[in-house]
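Just below is one structure, and these are the notes that go with it.
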Amino acid sequence: MSDIGISRKSARTSLPTTTTDIETMHDVLSDWERCAILYSLQRRGGSAAVAAVVSDIVGWRRGHPDPDPADDDVIARVHDQIGPEHLEKLDEFGVLEYVPERGRVRLAEDMQVSISEPWVNPTTDTHRSHQSTDDGSDV
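Just so you know, we're using our numbering here: the sequence shown kicks off at 1133 and counts up by one.
Shown next as structure tokens:
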């Protein structure tokens, strides 16, 4: 499993400690795409356009740092999926701030993230495997 570390910069604010909060944290971070979002933001200094994060994810799924021009349809589908499915959930949990109207996402002000490359280890039962697209390719 990838190395993941999340902490708050402020000592006044602590991470969740109840069973429900810990389960929620597990739900948020047990998904490959959510880990990839956090890694993308980490490497971009904590803030990025949603389109840039989506490009990172599609490229990494394809095994290279940037998506190919032929990936435009895949990028559009991932972009439509990632907001409601992943960015909103991370925003609700307080890990990041997602503003769909501006097409921007950033780590929450008091959040520090240390996450390894999401593709380092093979997919496990806790991480979703590649999704097939209509054309038979993987996303």
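Idealized CB from N, CA, C, for every residue including glycine.
Owing to the predicted nature of the structure, the values given are computational and were not obtained by experimental measurement.
{"Query": "Status (buried if at least 16 other CB within 10 Å, exposed otherwise) for T1258", "Result": "Confidence in T1258 is poor, its pLDDT being 39 and thus under 50, which makes the residue's placement unreliable; the coordinate value appears in the next sentence. By the 10 Å Cβ count, T1258 comes out exposed."}
{"Query": "Proximity of V1237 and V1185 at Cβ, strictly below 9 angstroms", "Result": "yes"}
{"Query": "Opposing strand residues paired with V1210 [DSSP bridges]", "Result": "None; V1210 has no bridge partner."}
{"Query": "CA-to-CA distance, D1212 to E1155, given in whole angstroms", "Result": "27 angstroms"}
{"Query": "CA-to-CA distance, G1191 to K1141, given in whole angstroms", "Result": "The predicted position of K1141 is uncertain, since its pLDDT is 49 and thus under 50; no value can be drawn from it."}
{"Query": "Where V1186 falls: helix, strand or coil (DSSP)", "Result": "helix"}
{"Query": "Endpoints, the alpha helix (DSSP H) within which R1175 is located", "Result": "1164 to 1175"}
{"Query": "Alpha-carbon to alpha-carbon, I1207 and A1240", "Result": "25 angstroms"}
{"Query": "The beta strand (DSSP E) enclosing L1228, as first and last residue numbers", "Result": "1228 to 1231"}
{"Query": "Y1171 to L1219 span [Cα, whole Å]", "Result": "13 angstroms"}
{"Query": "Which of helix, strand or coil DSSP assigns to R1234", "Result": "coil"}
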